[in-house]
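This report concerns only the one structure given below.
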Amino acid sequence: MQTDNTENLMDTPTHISIIMDGNGRWAKKQGKMRLFGHNAGRESVRACTEYCAEKGVRYLSLFAFSEENWGRPVDEVAGLMDLLGRCMLEERDTLMNNNVRFQVIGDRTRLSDALRKGVEALEKETAPNTGLTLVIMLSYSGKWDILQAAQRYAADCLAAGKTLPLDETGFSTYLATAGIPDPDLLIRTSGEQRISNYMLWQCAYTEFYYTPVLWPDFRKTDLEQALLSYATRERRYGKVE
Ligand code: FPP
872 MQTDNTENLM DTPTHISIIM DGNGRWAKKQ GKMRLFGHNA GRESVRACTE
922 YCAEKGVRYL SLFAFSEENW GRPVDEVAGL MDLLGRCMLE ERDTLMNNNV
972 RFQVIGDRTR LSDALRKGVE ALEKETAPNT GLTLVIMLSY SGKWDILQAA
1022 QRYAADCLAA GKTLPLDETG FSTYLATAGI PDPDLLIRTS GEQRISNYML
1072 WQCAYTEFYY TPVLWPDFRK TDLEQALLSY ATRERRYGKV E
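Take the sequence shown: its position 136, counted from the start at 1, is 1007 in this note's numbering, and no numbers get skipped.
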């Protein structure tokens, strides 16, 4: 029988974020096209979502598609968008049955009308759910987020006819992630150890965890390893004990 090592963890993160990496390499190892890896990665998304919902994690955010990813081959981009659209339709019942709220964060102006409507419909339908919030970071980048926040703040100043007061808390309300606490734990799969223009502002004091496991192989036991590592961290936020 598999033991649940995280059962007694006092310190479950409120917000876990994952840079899902390694789909292409996973597919290549099997002599398959990259999209085969992205499709397989869906199973890992399901496993992590179920686990977090069960454990009472409040937010799980997944870096599904970066602003930079628009520069990938047209077929891969189209395949990924199609996959995301299908997932939203096909996982609807699972989200509802598990009381999961669904949210997409990123530059929606770059999404097709059909995908944008699908996103909006699922967000609306799952909005009353009170369990885990599953956040899909789609067409997102950290610099884009900071820039759009600055532009919206500037627009508010223009409208007010004066420079409005601004502090870190106030600036956070302009970010696309407004209302969501900063990630406590950021996991990146596939052995890469960089932030890749992800939540640059929000990860100021996030604990990082890297694993060599490729995303399509990432399962509950791998998430448990990350949580065990997180439980040993001493978060000082730049202060001393
Ligand atoms: C990075 O691997 C992965 C992506 C750019 C796409 C992630 C998308 C999914 C896992 C599809 C399912 C998602 C949801 C939210 C249902 P990579 O292509 O950069 O891999 P590589 O570094 O090995 O080339």
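Just so it is clear, CB atoms sit at the ideal spot from N, CA and C, and this is done for glycine as well.
Check: What does a CB cutoff of less than 6 Å around residue 1013 pick up in its chain, not counting 5 residues either side in sequence?; Outcome: 1068, 1069, 1070 and 1071
Check: Cβ of residue 1057 within 8 Å of any heavy atom in the ligand FPP?; Outcome: no
Check: Got a sec: does the ligand FPP put a non-hydrogen atom nearer than 8 Å to the Cβ of residue 977?; Outcome: no
Check: Classify residue 935 as helix, strand or coil using the three-state DSSP reduction.; Outcome: strand
Check: Sort 1064, 884 and 929 by Cα distance to residue 970 and report the nearest one.; Outcome: 929
Check: Relative to the C-alpha of residue 1039, which candidate in 1049, 1032, 1063 and 1033 has its C-alpha closest?; Outcome: 1049
Check: Ordered along the chain, which non-local residues of its own chain (more than five positions away) have a Cβ less than 6 Å from that of residue 1061?; Outcome: 892, 893 and 1085
Check: On the DSSP letters alone, give me the boundaries of the alpha helix (DSSP H) that residue 1078 sits inside.; Outcome: Note, residue 1078: premise wrong, no alpha helix (DSSP H); beta strand (DSSP E) at 1078–1081.
Check: Compute the distance between the beta-carbons of residue 884 and residue 1055, then report whether it is under 9 Å.; Outcome: yes
Check: May I have the straight-line CA-CA distance separating residue 954 from residue 1046, to the nearest angstrom?; Outcome: 27 Å
Check: Let me confirm a value: residue 1076 is counted as buried when at least 16 other C-beta atoms fall within 10 Å, else exposed. Which label applies?; Outcome: exposed
Check: So residue 989 and residue 959 are supposed to be a Cβ contact under 8 Å. How far apart are they, rounded?; Outcome: 5 Å
Check: Nearer than 8 Å: is that true of the beta carbon of residue 1061 relative to any heavy atom of the ligand FPP?; Outcome: yes
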